[in-house]
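S.K.:
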Amino acid sequence: MNYNGKFYKNWEHLLNNSVITEKQFLKYFNNKDLFLSSVIKKYPMFINPYYLSLIVKKNDPLWLQAVPSVSELNNCEYTSDDPLNENLQSPVVNIIHRYPARVIFLVSNRCAMYCRFCMRKRRIGLESAVTGKTIETGLRYISKNNSINEVILSGGDPLLLKDDCLEMILDRISHISHVKVIRIHSRVLCTLPHRITKNLVSVLKRYQPLYIITHFNHIFEITREAETACNLVTDAGIFLGNQTVLLKNINDDPVIMKKLLERLIEIRVKPYYLHHMDQIRGTAHFKTSINTGLDIMKFLRGNISGICLPHYMLDLPSGGGKIPLTPQYIKKITDKEMVIHNYKGEVYTYRENRAVKS
Ligand SMILES: *Cc1c(COP(=O)(O)O)cnc(C)c1O
Ligand code: SF4
518 MNYNGKFYKN WEHLLNNSVI TEKQFLKYFN NKDLFLSSVI KKYPMFINPY YLSLIVKKND
578 PLWLQAVPSV SELNNCEYTS DDPLNENLQS PVVNIIHRYP ARVIFLVSNR CAMYCRFCMR
638 KRRIGLESAV TGKTIETGLR YISKNNSINE VILSGGDPLL LKDDCLEMIL DRISHISHVK
698 VIRIHSRVLC TLPHRITKNL VSVLKRYQPL YIITHFNHIF EITREAETAC NLVTDAGIFL
758 GNQTVLLKNI NDDPVIMKKL LERLIEIRVK PYYLHHMDQI RGTAHFKTSI NTGLDIMKFL
818 RGNISGICLP HYMLDLPSGG GKIPLTPQYI KKITDKEMVI HNYKGEVYTY RENRAVKS
């Protein structure tokens, strides 16, 4: 495969040729006023040649996701690296146990690209965050807690582990009798679809029921390569869902969001969540208002298939958990009746299983 005029033999070759310094970046986009070096010192850059090839021009939706911006340092509106208190809800290192029956298990700190808006900006790319020892400790915690019925592998990106390492983890989890479902949160289907090899899929297939949630934010990310990768996963009988983060100037527009969601179901990826952005230090320039999100949801209802509709979610600061945000359809509700408007704004009164238009 060729990107930007260079040949790459496989996903590892792509990954190993990622752009991580300002000098490397300037070879592709000669734009000296970006101050990349100063941002990278605090928040590393990592853009693989595939994702880089999708960037067409400065500040396009993919550039904004991948290329460091001085706003990461200058915009001080958000001051916490961990507003959701993940570190406080971590009984052992790399396990986040917020809800009774499901845990997040961080098994990788690498990603195929470092998204500038990442909620785990505090740890992405750090060498020491995941080791054989932290994986062992996490597995032991899960096996000792029989209230846990679902394990969510996250990171970083779990699918950047080597096949045999990933298989070891999946195998160990699958032998814990109280764990019924494994879920993997991975962005590689979008940022490095070449990672979805036949061998990887044959590994994953052995650990059903397995759910994969991926992360597309813009229709420009749904390329032929991404579609092929999604097909390999779904053809293996693995459920594939998507979470999108609502991001300013990237997808905070009803029509752009509609296009993304419709294209996702064409490639058999079920939209799962639309996340309101977390208040992470260094990401405030991506902020949108809750009303923007609600307006998008209001537009989508009625204008797209119900299959396309994600839940719009807010992850409460301080670790309160996720809650769905829904446009207000109910205007008034009593024991006897409910006054409600539909997606067109028409008002109905609902009584005893009967709706009367008013
Ligand atoms: C988001 C999240 C989950 C998964 O929540 P779902 O609603 O099941 O997708 C689990 N644990 C933590 C700590 C989370 O932040
Ligand atoms: S792939 Fe996920 S974990 Fe990695 S940088 Fe992007 S948002 Fe963060």
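With my numbering applied, the sequence shown has no gaps in its numbers, which climb one by one up to 875 at the end.
Just so you know, even glycine gets a beta-carbon here, dropped at the ideal spot from N, CA and C.
Remember, it's a predicted structure, so these values are computed and weren't measured experimentally.
Starting from the N-terminal end, write out each residue whose C-beta falls within a distance shorter than 7 Å of any non-hydrogen atom of ligand 1.
M.R.: Here the list is L601, E603, Q606, I613, R615, Y616, R619, V620, I621, I669, Y790, D832, K839.
S.K.: Please tell me whether T740 and L757 are closer than 8 Å, where the distance is taken between their beta carbons.
M.R.: Cβ atoms of T740 and L757: not closer than 8 Å.
S.K.: Just jot down, in chain order, the residues whose CB lies closer than 6 Å to any heavy atom of ligand 2.
M.R.: Cβ atoms closer than 6 Å to ligand 2 belong to C628, Y631, C632, C635, R637, I641, G672, G673, D674, R704.
S.K.: Going by the CB atoms, is the gap between R798 and Y596 shorter than 8 Å?
M.R.: Looking at the sequence provided, one finds Thr at residue 596 rather than Tyr. Going by C-beta atoms, T596 is nearer than 8 Å to R798.
S.K.: Is H695 buried or exposed, if buried means 16 or more other CB atoms sit within 10 Å of its CB?
M.R.: Counting Cβ neighbours within 10 Å, H695 comes out exposed, since fewer than 16 surround it.
S.K.: Quick check on the DSSP output: what are the complete alpha helix (DSSP H) runs of length 4 or more inside the stretch 804 to 849, in order along the chain?
M.R.: Counting whole runs of 4 or more residues, the stretch 804 to 849 contains the alpha helix (DSSP H) stretches 807 to 820.
S.K.: On a CA-only basis, which of C628, L579, I773, E594 is nearest S535? Give me that one, please.
M.R.: Closest option to S535, Cα to Cα, is C628.
S.K.: Starting from the C-beta of S835, find all residues in its chain whose C-beta is less than 7 Å away, skip the five residues before and the five after it, and write them out in chain order.
M.R.: Here the set comprises N602.
S.K.: Taking the alpha carbon of P617 as the point to measure from, which residue in K679, N662, I736, E539 has its own alpha carbon closest?
M.R.: It is N662.
S.K.: To the nearest angstrom, report how far apart P585 and L833 are at their CA atoms.
M.R.: Whole-angstrom Cα-Cα distance: 26 Å.
S.K.: Tell me which residue opens and which closes the alpha helix (DSSP H) that I868 is part of.
M.R.: First, the amino acid is wrong: residue 868 is Arg here, not Ile. That residue, R868, is in no alpha helix (DSSP H); its beta strand (DSSP E) goes 864 to 868.
S.K.: For the stretch 685 to 702 and the stretch 661 to 676, state whether three or more C-beta atom pairs, one from each stretch, are separated by less than 8 Å.
M.R.: They touch, by the three-pair rule.
S.K.: For V786, I'd like the list of residues in its chain whose CB is within less than 6 Å of its CB, leaving aside the five on either flank, ordered along the chain.
M.R.: So the qualifying residues of the chain are C747, L757, N759.
S.K.: Give the straight-line distance between the Cα atoms of L531 and D752, rounded to the nearest whole angstrom.
M.R.: Straight-line Cα distance between these residues: approximately 25 Å.
S.K.: Are the Cβ atoms of V720 and D674 separated by less than 8 Å?
M.R.: The answer is no: Cβ separation not under 8 Å.
S.K.: Measuring straight from C-alpha to C-alpha, what distance separates N519 and W528?
M.R.: Cα-Cα distance, rounded: 12 Å.
S.K.: I'd like to confirm the pairing. Which residues does DSSP put opposite V668 in its beta bridges?
M.R.: Answer is V620, I699, bridged to V668.
S.K.: Buried or exposed, going by whether 16 or more other CB atoms sit within 10 Å of the CB of I686?
M.R.: Answer is buried; the Cβ neighbour count reaches 16.
S.K.: Would you report the Cα separation of P841 and L777, rounded to the nearest angstrom?
M.R.: Taking the straight line joining both Cα atoms gives about 20 Å.
S.K.: State the CB to CB distance for the pair M855 and K849, rounded to an integer number of angstroms; the pair is presumed to be in contact (CB under 8 Å).
M.R.: Going by Cβ atoms, the distance from M855 to K849 rounds to 7 Å, so yes, they are a contact pair.
S.K.: Taking N604 as the reference, which of V573, R637, C682 has the closest Cα?
M.R.: Nearest C-alpha to N604: R637.
S.K.: If you run the structure through DSSP and keep just helix, strand and coil, what is Q760?
M.R.: Q760: strand per DSSP, three-state reduction.
S.K.: Does the Cβ-Cβ distance between I621 and Y631 come in under 8 Å?
M.R.: No, the Cβ-Cβ distance between I621 and Y631 is not below 8 Å.
S.K.: So the beta strand (DSSP E) P788 belongs to, where does it begin and stop?
M.R.: Element bounds for P788: 787 to 792.
S.K.: Taking 8 Å as the limit between beta carbons, can you name the residues of its chain near P600, skipping five residues before and five after?
M.R.: If we look at P600 and ignore the five residues flanking it on each side, its Cβ neighbours are D795, Q796, I797, P834, S835.
S.K.: Taking T879 as the reference, give the member of I564, G522, D550, P788 with the closest Cα.
M.R.: Residue 879 falls outside the range modelled here, since the chain spans only 518 to 875, and no answer is possible.
S.K.: Please report the Cβ distance between K775 and L817, rounded to the nearest whole angstrom; I am assuming they are in contact, meaning their Cβ atoms lie under 8 Å.
M.R.: The pair is a contact, with the Cβ atoms about 6 Å apart (cut-off 8 Å).
S.K.: Rounded to the nearest angstrom, how far is the Cβ of Y545 from that of N521, given a contact under 8 Å?
M.R.: Rounded, the Cβ-Cβ distance is 7 Å, consistent with contact.
S.K.: By DSSP's criteria, H858 is part of a beta bridge. Which residues make up the other side?
M.R.: H858 is bridged to V864.
S.K.: For F542, which of helix, strand or coil comes out of DSSP?
M.R.: It is helical.
S.K.: Shortest alpha-carbon distance to L587 belongs to which of D770, V762, I557, M814?
M.R.: The sequence as given places Val at residue 587; Leu does not occur at that position. The shortest C-alpha separation from V587 is found at I557.
S.K.: Only counting the same chain, and skipping five residues up and downstream in sequence, which positions put a Cβ closer than 8 Å to that of F524?
M.R.: Answer for F524: M518, listed in chain order.
S.K.: When you compare only the Cα positions, how much space is there between T851 and V864?
M.R.: Distance between the alpha carbons of T851 and V864 is about 16 Å.
S.K.: Which residue or residues does DSSP assign as beta-bridge partners of T731?
M.R.: T731 is bridged to N759.
S.K.: Classify R712 as buried or exposed, calling it buried when 16 or more other Cβ atoms lie within 10 Å of its own Cβ.
M.R.: By the 10 Å Cβ count, R712 comes out buried.
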